[in-house]
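2 protein chains.
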Amino acid sequence: MPKLWNETIEAHRREVRDAILDGTASLAAEHGPLSVTMSQIAEKAGIGRATLYKYFPDVEAILHAWHAREIAGHLARLTEVLDSAEGPATRLESVLEAYALITHESHSHQDTDLGAFLHRDNGDHLAHAHQHLHHMVQHLLTDAAQAGNVRDDIPPNELTRYCLSALAAARTLPSEAAVRRLVTVTLAGVRPPQH
Amino acid sequence: MPKLWNETIEAHRREVRDAILDGTASLAAEHGPLSVTMSQIAEKAGIGRATLYKYFPDVEAILHAWHAREIAGHLARLTEVLDSAEGPATRLESVLEAYALITHESHSHQDTDLGAFLHRDNGDHLAHAHQHLHHMVQHLLTDAAQAGNVRDDIPPNELTRYCLSALAAARTLPSEAAVRRLVTVTLAGVRPPQH
DNA sequence: GCTTTATCGAGACACTTTGTCACTGTCAAT
DNA sequence: ATTGACAGTGACAAAGTGTCTCGATAAAGC
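One line per chain: the protein sequences are A and B, in this order. At position 150 of the first sequence the residue is numbered 150 (full-length UniProt numbering), and the sequence of numbers has no breaks. At position 71 of the second sequence the residue is numbered 71 (full-length UniProt numbering), and the sequence of numbers has no breaks.
Here you go:
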C-alpha cells in the first residue's frame with residue numbers, strides 16, 4: 001500500500017465533494033428531494049455526470065452524506081457549548097437550548113428529519129452521528145439525575161429520546177422566544193416529580 | 001354537467017386507488033421512498049403504467065396521498081377515543097396516549113415523518129389532515145388549562161407542537177410500556193409549574 | 001333496446017435519466 | 001524515464017417518464 005497522496009489531490013476531492021453536497025442540498029430544498037437527479041447534481045456541481053459516480057453511487061447516498069455533514073457540524077457546536085458550561089444542570093440546559101436553537105435555524109434551510117425519512121441506513125453514518133448526539137444528551141441526563149435535577153424513574157435512554165424528539169418541534173416555531181419556551185417545557189418534563 | 005356516476009364505477013376507482021397506495025407503501029418500505037418508480041407501482045397494483053397516470057401525476061403525489069390516508073385513519077381512531085372520555089384532564093391523557101400508541105405501531109410500518117420530509121405541500125392535504133390533528137390537541141390543551149390541569153404561561157399553540165413532537169418519539173421506542181412512560185414525561189411537561 | 005357519451009385501460013412513441021464502459025491526461029513513486 | 005494509480009469524460013445500452021391515440025366498457029338519453 002503506497003503512502004497516502006499529497007495534500008493537493010485530497011483537498012481537491014474534498015472541494016468537489018462539498019460542492020456536490022451543497023448543490024444537492026440546494027436542489028433538494030428547491031424542488032423536493034424526490035425530484036433531484038444525478039444529472040442535475042452533476043451540472044450544479046460543475047462536473048461531468050460520470051465523474052459524479054466516482055464520488056457517490058446514487059442520490060440517496062448523497063443525501064445521506066449531506067445529512068451526516070450537517071449533523072457533524074451541529075455536534076461540533078454542541079460540544080463547544082458543553083465544554084463551556086459548569087455543573088450538571090447548567091450543562092444540560094445549555095446543550096438542550098443550543099440544540100433547539102440549531103434545529104430552529106436549520107428549519108429555514110429546511111433539512112432535518114430527512115435523516116429519519118431515509119432510514120435505509122443500516123447502522124452506518126447516520127447511526128454514527130446521531131448516536132453520538134444521543135450519547136451526549138444521555139450522559140448529561142444521567143449526570144443531572146445523579147445530582148437530583150432529573151427524575152430517575154425513567155430509563156435515561158428513553159428520556160433522551162423524549163428530549164431530542166420534543167426539541168425537534170423547534171423546527172416549526174416562528175420565534176426564538178418560542179424556542180426558549182419550548183426548552184422550558186421540555187425540561188419541565190424531565191424534572192423529578194414531586195410528591 | 002351530467003349527474004355523477006353510479007356507485008360501481010366509483011367503487012372500482014377507489015379499489016384501484018387503494019391498491020396503488022398499498023403497493024406504493026410496500027415498495028417504499030422495502031427499498032426506500034427514493035427508489036420507488038411509477039413503473040414498479042403500476043406493476044404492483046396490477047394496472048398498466050399509462051393507467052397509473054390517470055390516477056396520479058407522479059410518485060410524490062402518491063406518497064402524499066398515502067400519507068393523507070394514513071393520517072385520516074389515525075384521526076378517526078383518535079376521535080373515537082376523544083368521544084369516549086370524560087373531563088378535560090382524562091380526555092387529554094387518553095388522546096395523547098392513543099396518539100403515542102398509534103405512532104408506535106406505525107413505526108413497524110415505517111411510515112411517519114415522511115410527511116415532514118415531503119413538505120412540498122403548499123397548504124394542501126397534509127396541511128389539512130395534520131392541522132386537524134393539531135387543532136384537536138390544541139383544543140384539549142386549552143380546555144385542560146382552563147380547568148387548571150395544564151400550565152397557562154405558554155401559548156396553547158406551542159404546547160401542542162411540543163406534545164405532538166415529543167410523542168413522535170414513540171416511533172423509536174421498543175415496548176408499549178416505554179411508550180406509556182413517554183406519555184407520562186410528556187404530560188409532566190405541560191402541567192402547571194409549582195412555586 | 002339502441003345510440004350517445006364519457007372515461008377507463010393499454011399499446012406505442014419520443015424523450016430523459018441511469019449505470020457502466022473504455023479511454024485520456026496527470027501526478028507520485030521508483 | 002517508466003510505471004502505477006486515479007480523476008475526469010464521451011459514448012452506449014438499458015430503464016424510466018410523460019403523452020397521445022385508440023379500442024372496450026358502462027352510464028345516460030331517446
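Heads up, the beta-carbon is just placed ideally off N, CA and C, and yes, glycines get one too. Remember, it's a predicted structure, so these values are computed and weren't measured experimentally.
Buried versus exposed call for A:PRO33 [16 or more other C-beta atoms within 10 Å across all chains shown]:
buried
Proximal residues, the segment 84-103 of chain B versus chain A, C-beta separation under 7 Å:
none
Is A:TYR53 buried or exposed, if buried means 16 or more other CB atoms sit within 10 Å of its CB?
exposed
List the residues of chain A whose Cβ lies closer than 9 Å to the Cβ of residue 197 of chain B, in chain order.
Since the first and last residues shown for chain B are 1 and 195, residue 197 of chain B lies out of range.
For B:ILE154, go through chain A and note every residue whose CB falls closer than 7 Å to its CB, in chain order.
ARG181 and VAL185
Which term fits B:HIS135, buried or exposed, when burial requires 16 or more other beta carbons within 10 angstroms of its beta carbon?
exposed
In chain order, what residues of the same chain lie with their CB nearer than 8 Å to the CB of B:ARG151, ignoring the 5 residues before and after it?
ALA145, LEU159, VAL190, ARG191, PRO192 and PRO193
Closest by C-alpha distance to A:VAL16, when choosing among A:ILE71, A:TYR55, A:VAL95 and A:LEU96
Between A:VAL16 and the set A:ILE71, A:TYR55, A:VAL95 and A:LEU96, the nearest pair of CA atoms involves A:TYR55.
Does B:GLN146 have its Cβ less than 8 Å from a Cβ in chain A?
no
What residue does the alpha helix (DSSP H) around A:ASP83 start on, and which one ends it?
59-83
Between which residues of its own chain and B:ILE62 is the CB-CB distance below 6 Å, once the five residues before and five after are set aside?
THR24 and PHE56
Roughly how many whole angstroms lie between the Cα atoms of A:ALA65 and A:LEU21?
7 Å
Out of A:HIS139, A:HIS128 and A:TYR99, state which residue places its alpha-carbon closest to the alpha-carbon of A:HIS186.
Checking the sequence shown, residue 186 of chain A turns out to be Thr, not His. Taking only the C-alpha atoms, the option nearest A:THR186 is A:TYR99.
Span of the alpha helix (DSSP H), counted from its first residue to its last, around A:GLN194:
First-last for A:GLN194: undefined, no H or E at that position.
Among residues of its own chain, excluding the 5 on either side of B:LEU167, which ones have a beta-carbon nearer than 8 Å to its beta-carbon?
LEU96, TYR99, ALA100, THR103, LEU182, VAL183 and THR186
By Cβ distance, which residues of its chain are closer than 7 Å to A:ARG49, with the 5 residues on each side in sequence left out?
MET38, SER39 and ALA42
Coil, strand or helix - B:LYS3 by DSSP
Because B:LYS3 sits at a pLDDT of 39, beneath the cut-off of 50, its placement in the model cannot be relied upon, and the following sentence gives the value as read from the coordinates. B:LYS3: coil per DSSP, three-state reduction.
List, in chain order, every chain B residue whose beta-carbon is nearer than 7 Å to that of A:LEU133.
Neighbours of A:LEU133 on chain B: none; closest Cβ ~13 Å, over 7 Å.
Please report the straight-line C-alpha distance between B:ARG13 and A:SER94, rounded to a whole angstrom.
55 Å
Alpha carbon to alpha carbon, how far is A:GLY46 from B:GLU60?
28 Å
So with Cβ pairs under 8 Å, would you call residue 218 of chain B a contact of chain A?
As displayed, chain B neither begins before 1 nor continues past 195, which places residue 218 of chain B out of reach and without an answer.
Buried or exposed for B:GLU176, going by 16 or more other Cβ atoms inside 10 Å?
exposed
For A:LEU167, report the span of its alpha helix (DSSP H) as first-last.
Unbroken alpha helix (DSSP H) run through A:LEU167: 156-167.
State yes or no: is the beta carbon of A:VAL190 nearer than 8 Å to at least one beta carbon in chain B?
yes
Within this structure, are the beta carbons of A:ALA85 and A:ASN149 separated by less than 8 Å?
no
Within 10 Å of its beta-carbon, does A:HIS128 have 16 or more other beta-carbons around it, so buried, or fewer, so exposed?
exposed
Using a Cβ-Cβ cut-off of 8 Å, state whether B:THR24 counts as contacting chain A.
no
Hey, could you find the ends of the alpha helix (DSSP H) A:ILE41 is sitting in?
38-45
Strictly under 8 Å for the Cβ-Cβ distance: is A:GLN40 near chain B by that measure?
For A:GLN40, not one C-beta of chain B is nearer than 8 Å to its own C-beta.
Nearest chain B C-beta to A:THR142 closer than 8 Å, yes or no?
no
Using the rule of at least 16 other Cβ atoms within 10 Å of the residue's Cβ for burial, across every protein chain shown, is A:PRO156 buried or exposed?
That one is buried.
Neighbourhood of A:ARG91 by C-beta distance below 7 Å, restricted to the same chain and skipping five residues each side
In the same chain as A:ARG91, and ignoring 5 residues on each side of it, the C-beta atoms closer than 7 Å to its own belong to LEU82, ALA85 and LEU140, in chain order.
Rank A:GLU80, A:GLU30, A:ASP58 and A:THR142 by C-alpha distance to the C-alpha of B:SER35 and give the top, closest one.
A:ASP58
Between which residues of its own chain and A:GLU80 is the CB-CB distance below 6 Å, once the five residues before and five after are set aside?
none
Flag B:GLU176 as yes if its beta-carbon sits less than 8 Å from any beta-carbon of chain A, otherwise no.
no
Between the Cα of B:SER165 and the Cα atoms of B:ALA76, B:VAL137, B:HIS31 and B:LEU75, which residue gives the shortest distance?
The option with the nearest alpha carbon to B:SER165 is B:VAL137.
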